[in-house]
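Going line by line, the protein sequences match chains U and Y. Under the numbering used here, the first residue of the first sequence carries the number 1, and numbering increases by one thereafter. Under the numbering used here, the first residue of the second sequence carries the number 461, and numbering increases by one thereafter. Backbone N, C-alpha and C fix where the C-beta goes; we use that ideal spot for every residue, glycine too. As the structure is a prediction and not an experimental result, all values here were calculated from the model.
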Amino acid sequence: MEFTFISAFLMNVPILLASYLVNLALTGALLYRKPDLQRAAVLLNPYILFVAIPATWLFLQDLVGYFGAFILETYLEVTGWALAMKHIYRVRWGSAFATAALTVFLYGTFQELTGFFLTGNYDLTVPGDLAAYMTGECIGVLIPAVFVVWFIIRSRLFEEYAGFLSEDSGGKTGKILLFLIPAARNLAVEISNEHMVLNNSNPMVSILLLLLIYGVFNYMFRCKMQDRKLEEQKLNLSQQKLYIQNLESVQKEVRLFRHDFKNMMAGASLQARDGNLTAVQEFISEVTGDFEQQVGRQIFQISQIGNVGLTELKGLLILKMTELQKKEIPFRLEVPFPFEHPGIPERELCRAAGILLDNAAEAAELLEDGEVTAVFEEGEEVVRIMIRNPVIEEVPFSRIWKDGYSTKGEGRGTGLTSFQRIVERYENVASFTRQEDGYFIQELKIMKRGGKTYGSHLSL
Amino acid sequence: MVPIYLCDDDPQIRAAIRRELEKEILIKGYDMKVAAACAGPEELLEEIQKSGRRGIYFLDVDLKHEQYTGFTLGQAIRKMDPRGFLIYVTAFGELAFEAFRYQLEALDYIVKENPEEMFAGIRKCLAAVVERMQDEKEDDRVYFTVKFMDTVRHIPVDEILFFETGAKSHRIILHGLRERIDFTGSIQELEESLGRGFVRVHRAYLANVRQIKCLNVKERKVIFTNGEECWFSRSAKKELLRLKAVQA
């Protein structure tokens, strides 16, 4: 049978449908997110047209066997899927292209598995070969895909992958490498086939390459994870040290207080015997006041820190607390309830909170009676973080968000820009910054569950 | 008549606060009345339910109650009376009050350790309530409301400079004179609801006409009263020039 453009195109449709499904499932597993199925349905047709038209043309020109065409087709798929997933999963461009390259690479490897059952090239003009080819391309690929999706989820590879994507520095090289992987596979197959076109496939080479890449990436991830664990342990140790120091100072104060207390008690009991009630009353309020002053405040801060159930955040808060103590800026931290589930990755939360705290500290340093107040509160549905510092002058809202703005001159203050980047990354996060009643107030709100979160309207 | 509610399980404290309140209301001639002084939260909530008016609440922080703490009682009251004034009474000077203020918009807290200080605190709170209610009465500006989960912010429309769409879809940044909010929303919907005072000067910007100081036609920039800038598109130029002419 002869192929016309229409029939070749129609043949490509189910194949691309299968590739779309495989890509969708793999991306979902890698990002560990549910796709926006409505968007996925809308984008299916454009995706098929985008890839199928050039592919059909290449096929009819009998160019499929050529390496250049082979690469072109692969990257057409990568681009098509990157564009689609950008909208389906709402990710950044870099992540979209890297992930698309990875899923297309995996998909290509699945396609190659049919090579195990082949002795020669398909002749698509023969109905039997065509049927076998279509079965392999449309249904065969789904089986390994299901297995790989299961594997990614079971071995929690998506966690490592998320770490890989979220890295700001150094992540770029990794993403570019990932983007080149499909080309590497094409090249490896091409070379080992000694330029002979065997359905463009060589399953052994593909599988070996897959294993190699998996090994390398896994090794990289593991190394990084170990570093992170070490760092965490160090943090934990320093945290405990600070904690103990704090407790020791409380103990010292209590001991001192006990000493004073005994003396004062003796005086008061004399006055009570004389019937001097006013003096006794004064004594009581004095003692309670002193106790609050000396010990109560510290106990309070320690108990607030105790409510933070996240190691990294706890470390950050203790660190900032000691930094502010050194600068003699009063710091008031309130964590009224256990704070354990922030709704965004802990690292991101720490970065955001760190930026806000640094800003507040920087501003407080300039004032004579500067102070910093921080509230961390986890509600049932919303996580709220508020950082506040007094200000005297009008805050220049037009400038503080510009890169490099700082009250301390140049080269600092890239903070708010990175802060904004973090906020924008998550749809369930909103930030409120304002000047009110002599304070500069920065708030971060994170919604823990899905659903419509927002609305705005005019009112009188 | 603004109703005042008390909740404290210690009858002596309750009586003392009540006496002070009534004395102060009489002396200053406030339009207020102690509506109920309750020992427990349920009783109090029942009373509030009956009145259904905006009230002033003096609440004990450490309620000896199975179901309610001072904080959750505050939340329950907020549900019935979103604009009421919450004042907390506590035995300890150290209270996580910022969290109370922050989430419940509590007005203040009073320490009951020393009676004289406690009474002074009560008087101060009443004065603050009166002042705030006076301010609200005089305020007839139009407000723009941003809602994110349980957070609601009202921003006077004439203090908004412009809205910007963020790098990602459905991200909106509100640029205000003293405020900036980064939230999820749609600029289309904003444009429709804000009406004629706001002009879509660019695909990514919706500007408050009254806050525009001048146009930099060469660089195609809108310059706002506080010095902030945003781009304007070719298609918006005509409309902007016309509006500026009308204003001038």
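About 16 Å separates the Cβ atoms of residue 318(U) and residue 356(U), ruling out a contact at the 8 Å cut-off. Neighbourhood of residue 574(Y) in chain U, by CB distance below 7 Å: 285, in chain order. Think of a sphere of 9 Å around the beta carbon of residue 430(U): the chain Y residues whose beta carbon falls inside it are 606, 608, 609, 611, 641, 642, 643 and 644, in chain order.
Looking at the backbone, the Cα of residue 704(Y) and that of residue 682(Y) are separated by about 11 Å. Membership of residue 585(Y) in the alpha helix (DSSP H) is indicated by the continuous run 575-598. Here the alpha carbon of residue 637(Y) sits roughly 6 Å from the alpha carbon of residue 620(Y). Here the alpha carbons of residue 183(U) and residue 202(U) stand approximately 14 Å from one another. Here residue 632(Y) is near residue 623(Y), since their CB atoms are less than 7 Å apart.
Using a CB distance below 9 Å, the part of the stretch 372-396 of chain U facing chain Y consists of 373, 374, 375, 376, 377, 379, 381, 382, 384, 386, 388, 394, 395 and 396, ordered along the chain. Under the Cβ criterion of 7 Å, residue 664(Y) is not counted among the residues facing chain U.
Only buried fits residue 642(Y), as 16 or more other CB atoms lie within 10 angstroms of its CB. Between residue 668(Y) and chain U, the shortest Cβ-Cβ separation is not below 7 Å.
By the Cβ rule, the stretch 70-86 of chain U counts as touching the stretch 38-49 of chain U, because three or more pairs are nearer than 8 Å.
Taking the C-beta atoms as reference points, residue 64(U) is found no nearer than 7 Å to residue 111(U).
Taking the Cβ atoms as the reference, residue 329(U) lies roughly 6 Å from residue 370(U), within the contact range of under 8 Å. Residue 675(Y): not part of any alpha helix (DSSP H); member of the beta strand (DSSP E) spanning 672-676, first to last residue.
Using a Cβ distance threshold of 7 Å, residue 15(U) and residue 137(U) count as a contacting pair. DSSP, reduced to helix, strand and coil, places residue 325(U) within a helical segment of the structure shown. Pairing residue 626(Y) with residue 398(U) gives a Cβ-Cβ distance that is not under 7 Å. For residue 534(Y), no CB of chain U lies under 7 Å from its own CB, so it is not counted at the interface with that chain.
Close to chain U, meaning a Cβ-Cβ distance shorter than 9 Å, are the following residues of the stretch 677-695 of chain Y: 684, 686, 687, 688 and 689. Counting only Cβ-Cβ distances below 9 Å, residue 398(U) has contacts in chain Y at 621, 635, 684, 686, 687, 688 and 689, in chain order. Under the three-state reduction of DSSP output, residue 496(Y) falls in the strand class. In its chain, beyond the 5 residues on either side, no residue has a beta carbon closer than 7 Å to the beta carbon of residue 512(Y). Judged by DSSP secondary structure, residue 341(U) falls outside any beta strand (DSSP E); it is assigned neither H nor E. The stretch 433-440 of chain U and the stretch 377-397 of chain U touch, with three or more beta-carbon pairs separated by less than 8 Å. Classified as exposed, residue 216(U) has fewer than 16 neighbouring CB atoms from the shown chains inside 10 Å of its CB. Residue 636(Y) carries a strand assignment under DSSP once its states are collapsed to helix, strand and coil. Counting only residues of its own chain and dropping the five nearest sequence neighbours on each side, residue 163(U) has no CB closer than 6 Å to any other CB.
Among the residues of chain U, none has a CB under 9 Å from the CB of residue 527(Y); the nearest is roughly 16 Å distant. Per DSSP, the unbroken beta strand (DSSP E) holding residue 334(U) starts and ends at 331-334. Contact annotation: in the stretch 244-270 of chain U, no residue has its CB less than 9 Å from a CB in chain Y. DSSP places residue 66(U) outside both helix and strand once states are collapsed to three, so it counts as coil.
Any Cβ of chain U closer than 7 Å to the Cβ of residue 497(Y) would place that residue at the interface, and such an atom is absent. One thing to note: residue 634(Y) has its Cβ no nearer than 7 Å to the Cβ of residue 647(Y).
Beyond the five residues adjoining it in sequence on each side, residue 461(Y) comes within less than 8 Å, by CB distance, of 491, 492 and 493 in the same chain, given in chain order.
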